[in-house]
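Novice: Below is a structure I'd like to ask you about.
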Amino acid sequence: MTDYRFIGKSTPRKDARDIVTGKIKFINDVTIPNMLYGKVLRSPFPHALIKNIDTAEAMRIPGVEAVLTHKDVPEWMGGASPLHVRILDNKVRYVGDGVALVAAETEDICEEALRLIRVEYEPLPAVYDVEEALQPEAPRLYDMFPGNLMPPENRIFGPHTLQEVVIGDVDKGLEEADFIIEGYCTYENIPNPMPPEPPGVIAAWEGSDTLTVWSASQGPHMFKVALQKRMGSINLQSIGSPVGASYGSKFMSWQYVLPAAALAKATGRPVKFCYGKAEHLAAFTVRLGSRIYGKVGMKKDGTVTFVSGDWLVNTGAFSETAQAMVAVGCGEAQLMLRCRNWNLKPKVVCTNRTASGQIRGFGGQELKCALTPIITMGMEKAGLDPVDFFKKNYVKPGEDFYWRDGIRWVCRGIDFSAAIDRGAETFGWKEKWKGWLIPTSVKGAKRRGVGVGVHGNADVGEDVSEAFVRLDPNGTATIYSGLAEHGTGQRSSICKMVAEILQLPLERVSVTPTDSRVNPFELGPVGSRGTYAIGSAVIAAAEDAKRQLFERMAQKFNVLPEELETKDGTVYVKGRTETKIPWIKGMGYDSTCMGHGRFEPDFSQPNFMMIFTEVEVDTGTGKVELIRVVGATDVGQVIDPLSLTNQLNGCLGSAGIDSALFEETVFDTRLGRIMNPNMIDYKWRTFSELPEMEHVILETPFPSHRFHAIGVGEITPSPGPSAVLMAVSNAIGVRMNDYPLTPDKVLRALKKIATTKRRGKR
Amino acid sequence: MTSIPKKHPPHTLSLTVNGETHSFILGKGPNEVSPSHTLAQTLREKLGLTGTKISCDRGACGSCTVLLNGKAVFSCMLLTVECEGKEITTIEGLSDPKTGNLDPLQQSFIDHTAFQCGFCTPGIIMSTKALLNTNPSPTVDEVKEALSGNFCRCISHYHVLDAVMDVVKKEGNQ
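Chains C and V are the protein sequences, given in the same order.
My numbering runs 320 ahead of the 1-based position in the first sequence.
My numbering runs 11 ahead of the 1-based position in the second sequence.
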């Protein structure tokens, strides 16, 4: 293994000092002169027509600068493809949907004005259940979507965008199977990723054609592209701020940016628009609801002969990315399960609850959490150890799959069997696994059980990244990248890559602010693509800049450029370190070397995450305690050890593992309201409830880029929830498929309290 | 005969934050501190001390933690008017004002990358500081208990515990 100067070594984050001293400016820490504040009046009804709105009284309050309703907002459109959601409409579709917008001198004045807007509603019947929404007589949310069914997407990932998995011949798979399992499972507790920082933006217009947006977007540059699609051809500058975490949810969110832009336009002044926590939890985005009626064929040796079923995806009132998430989920199912015969048909359905967004796990977690428990019923029938099953069936080099673009890709990554073996060994799987529905140990009322889950995606190489690297004569390098810092340390990691290539001290490498006027195209750090996709563009730009530097320096040494090497801002002939010339001697004070880099999508190198869990169930109280978690992965090459372990530890949070234990958005179907939009009633894990956590991180080189690394951060929570179901089922000897496994459900499964009817129609 | 209303002198409020005393006029105007303002609001909006974060604004997440006479408090749950005459320390006041030297806790958080997005970090550091003020050599369980009111969603807890215990060890307390 190569011993690098920076790569693989722990180095302080570039932004560390600003973070620990409170100097770092998140979006709500920024004010600009003459700025107004914006707020939304939200609907108390899940589905209603707005018959009348009277804003006169609100307008009379001193300090109120604008009140906008559906009658006077610009015709900018949001929602999924096709665009179908107005900023404000004459119809509301969930409790919390926007009814009016206010801009005023302070947030307090905004609140006062909201109270004085008189709205007359005509309530309509509402629908929340995904199958009820599909019925012909169901209330319809959008005229353009009969049966509340979103049309399959055929643009976002190209003309063949994957919208189902139909491969081979399921009848053949039926014949070949030793066991056929039919099952039903839901992952519909719609957990909230709940980043601490609520969504926020500042919008300001110059004239009528140029808009500047400061936001906590996870992908500020892609956000510009998306907003231009929604707003028409205006000049738009998107400036990112540090992201007070996102977990996907703040990647591109038109639903608070377009209102801010509308208010800024109406008032001619900058408008800040930051959600409060209740809005964040009740009127922003939650996970997609996922329900599967599945059928799986399996042989005694763990070969999967077919997978078929209906995947019902509940978007709530809308989802910007549900069809894209379906595409990625369909791809990820194939990575997990080697199988020749598929007939998995998704339906994407709108209902009258708050919208769904993109969240770490992006479709794959939602799919797997419902599909894996059905697959495990097959393993149970065949008497297979789940670790052996996953090891046998996870995609291996040379095997193929259809990815989100509908194109057949052949894996040219690595075999993860070694990571699986090491993970199992570290966890002590062989000792703890006693068979299906058998506890690992029983001590009085306490029963322990173990479970395992797997996830991986091929998005580590998704989409395009571009970067420039500029060398200045004083021996510094600047990376031009639209990469936002959302907690993974990726902005620091690309500095390490460039410092390694140019052999510069880390403090001499910096990154430009995420300003779309300055930087080239960057999709953003999503889908674990930071290391491979973004890294590749930055590496190429640094190599290009270095090549230019050597061309200019070669004449000083009378050698060919290839014979040169650079270190700490000086250049020398390879092997002859006694004569070193500073960059400025070759470049002069009046020039720079600007290298360009571009990464083209490559879906051939999936990543991998396996999560082992051990739980202890108190059969007296029904409480489940997560005792121990072991993660196993192979990342090719660690870039920054501490940033990596941070991301791996992240498996617990952001609507991950704990969505199997206690995290849920509690939805009241009588009123259509979310009952727990606050951080007391929405449960989250505290410092005093941490399980033991350990990770196995292998470094088998990938054919990715110069450092042979790939990313893994996005997927770390996704294998967890189904692993917890398995562990609890084993602990109590009763199969449990009902997320989250709250004490009442456990006691019901143990027949200690009366059972209630489950959701679902069939 | 109507009486001429007596003109009261304006109510004022003085706050001592990070060793400096600030005087405010109580009122609803843009340059005044409203009696309904929370300490978090005043710190952020009037004094520009935005290192104190507001997340839940309901005393559930600990992002707004500051020290009040050395003890950790949720600044979103205190009215500014309640803090008259108290010593308030925010994250900005933790490093040495003259030398700029960081508190050992801050340095340890840097060394352990004990944060991801960093939004909850000031609150976590202030809660830890309050613990070490009263208990300079806590056990790891005592640290966990002291931080159990601080929300972190990225799950940087493990690195935080390493960072804190490293300070405890280095300071020769354990």
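Glycine residues also receive a C-beta, built at the ideal position from the N, C-alpha and C atoms.
Alpha carbon to alpha carbon, what distance is there between C/Thr587 and C/Gln557?
Specialist: Cα to Cα, the separation comes out at about 19 Å.
Novice: The beta strand (DSSP E) that contains C/Trp662, what's its start and end?
Specialist: Note, C/Trp662: beta strand (DSSP E), 662-669.
Novice: Where in the stretch 701-733 of chain C do unbroken runs of the beta strand (DSSP E), each at least 3 residues long, occur, reported from the N-terminal end onward?
Specialist: Taking only runs of at least 3 residues, the beta strand (DSSP E) segments lying wholly in the stretch 701-733 of chain C are 720-722, 728-730.
Novice: Kindly indicate the opening and closing residues of the beta strand (DSSP E) around C/Asp374.
Specialist: Segment 368-374, the beta strand (DSSP E) holding C/Asp374.
Novice: Report the residue from C/Phe736, C/Phe721, C/Ser737, C/Ala738 whose alpha carbon sits nearest the alpha carbon of C/Val730.
Specialist: The shortest Cα separation from C/Val730 among C/Phe736, C/Phe721, C/Ser737, C/Ala738 belongs to C/Phe721.
Novice: Got a sec? Which residues, its chain only, sit under 6 Å from C/Tyr414 by beta carbon, not counting five neighbours each side?
Specialist: Taken in chain order, the residues that qualify are Pro366, Ala637, Asn672, Arg673, Thr674.
Novice: Taking the alpha carbon of C/Asp349 as the reference point, which residue from C/Tyr448, C/Ala336, C/Pro518 has its own alpha carbon closest?
Specialist: That would be C/Pro518, whose Cα lies nearest to the Cα of C/Asp349.
Novice: Considering only residues of the same chain and omitting the five flanking positions on each side of C/Glu1012, which have a CB-CB separation below 8 Å?
Specialist: Only Ile947, Arg948, Val949 meet the Cβ criterion.
Novice: Name the chain C residues whose beta carbon is nearer than 7 Å to that of V/Phe130?
Specialist: The contacting residues are Phe346, Pro516, Glu517, Gly564, Ala565.
Novice: Got a sec, what are the start and stop residues for the alpha helix (DSSP H) C/Leu388 sits in?
Specialist: That residue, C/Leu388, is in no alpha helix (DSSP H); its beta strand (DSSP E) goes 384-388.
Novice: Does DSSP put C/Gly769 in a helix, a strand or coil?
Specialist: It is a strand residue.
Novice: Roughly how many angstroms lie between the CA atoms of C/Lys1081 and C/Asn777, to the nearest whole one?
Specialist: Model confidence at C/Lys1081 stands at a pLDDT of 48, short of 50, so the residue's coordinates are unreliable; what they give is reported in the following sentence. Those two C-alpha atoms are separated by around 32 Å.
Novice: By Cβ distance, which residues of its chain are closer than 8 Å to C/Ser528, with the 5 residues on each side in sequence left out?
Specialist: The residues are Lys585.
Novice: So, for C/Asn794: in the same chain, excluding its five sequence neighbours on each side, which residues have a beta-carbon less than 8 Å away from its beta-carbon?
Specialist: Result list for C/Asn794: Gly889, Trp903, Ile904, in chain order.
Novice: When Cβ atoms are compared, which residues of the stretch 146-159 of chain V fall closer than 9 Å to chain C?
Specialist: Listed in sequence order: Asp152, Val154, Lys155, Glu156, Ala157, Leu158, Ser159.
Novice: Report back the beta-carbon spacing between C/Gly398 and C/Leu578 to the nearest angstrom; my notes put them in contact at under 8 Å.
Specialist: With a Cβ gap of about 6 Å, C/Gly398 and C/Leu578 count as contacting.
Novice: At which residues does the alpha helix (DSSP H) containing C/Pro1041 begin and terminate?
Specialist: From DSSP, the alpha helix (DSSP H) with C/Pro1041 extends over 1040-1052.
Novice: Compile a chain-ordered list of the residues in the stretch 990-1012 of chain C whose CB is closer than 7 Å to at least one CB of chain V.
Specialist: Answer set for the stretch 990-1012 of chain C: Asn998, Met999, Ile1000, Trp1004, Thr1006, Phe1007, Ser1008, Leu1010.
Novice: Straight-line CA distance for C/Glu484 to C/Lys688?
Specialist: If I take the Cα positions, the gap works out to 15 Å.
Novice: Give me the residue from C/Ala653, C/Ile487, C/Glu526, C/Pro921 with the minimum Cα distance to C/Tyr714.
Specialist: Ranking C/Ala653, C/Ile487, C/Glu526, C/Pro921 by Cα distance to C/Tyr714 puts C/Ala653 first.
Novice: Using C-beta distances below 7 Å, list every residue in its chain close to C/Ala787, excluding the 5 sequence neighbours before and after it, in chain order.
Specialist: Within the same chain, C/Ala787 has close Cβ partners Ile799, Tyr800, Ser801, Pro840, Ala857, Val858, Ala861, Gly917.
Novice: From the DSSP output, in three-state form, read off V/Gly30 for me.
Specialist: Correct three-state label for V/Gly30: coil.
Novice: Could you tell me whether any Cβ in chain C is nearer than 8 Å to the Cβ of V/His168?
Specialist: Closer than 8 Å: yes.
Novice: From which residue to which residue does the beta strand (DSSP E) around C/Val937 run?
Specialist: Where C/Val937 is concerned, the enclosing beta strand (DSSP E) stretches over 929-938.
Novice: From which residue to which residue does the beta strand (DSSP E) around C/Ser610 run?
Specialist: Counting along the chain, the beta strand (DSSP E) containing C/Ser610 begins and ends at 609-618.
Novice: Helix, strand or coil: how does DSSP classify V/Leu79 here?
Specialist: Here V/Leu79 sits in strand by DSSP.
Novice: What's the call for C/Arg768, buried or exposed, on a 16-neighbour Cβ count within 10 Å?
Specialist: The residue is buried, with at least 16 neighbouring Cβ atoms inside 10 Å.
Novice: Below 8 Å on C-beta distance, what does V/Glu95 contact in chain C?
Specialist: Ordered by position in chain C, no residue passes the 8 Å Cβ test against V/Glu95, which lies about 22 Å from the chain.
Novice: Suppose you measure from the CA of C/Gln957 to the CA of C/His1028; what does that come to, to the nearest Å?
Specialist: About 6 Å.
Novice: Which first and last residues belong to the alpha helix (DSSP H) in which V/Lys181 is found?
Specialist: V/Lys181 -> alpha helix (DSSP H) spans 168-181.
Novice: Chain V partners of C/Thr341, CB-CB under 8 Å?
Specialist: Within 8 Å Cβ-Cβ: Gly62, Ile102, Glu103, Leu105, Ser106, Leu113, Gln117.
Novice: Against V/Asp68, what residues of chain C qualify as contacts under a CB-to-CB distance less than 7 Å, listed in chain order?
Specialist: Near V/Asp68 (Cβ distances below 7 Å), the residues of chain C are Gly596, Lys597.
Novice: Does any residue of chain V have a CB that is nearer than 8 Å to the CB of C/Thr808?
Specialist: True, the Cβ-Cβ gap to chain V drops below 8 Å.
Novice: Does DSSP put V/Thr49 in a helix, a strand or coil?
Specialist: Strand, per DSSP.
Novice: Might you give, ordered along the chain, the residues of its own chain that have their beta carbon closer than 8 Å to the beta carbon of C/Thr331, omitting 5 neighbours on each side?
Specialist: For C/Thr331, where only same-chain residues beyond five positions count, the Cβ hits under 8 Å are Ser812, Lys816, Leu826, Asp960.
Novice: Determine the DSSP secondary structure at C/Phe982, reduced to helix, strand or coil.
Specialist: DSSP places C/Phe982 in coil when its eight states are reduced to three.
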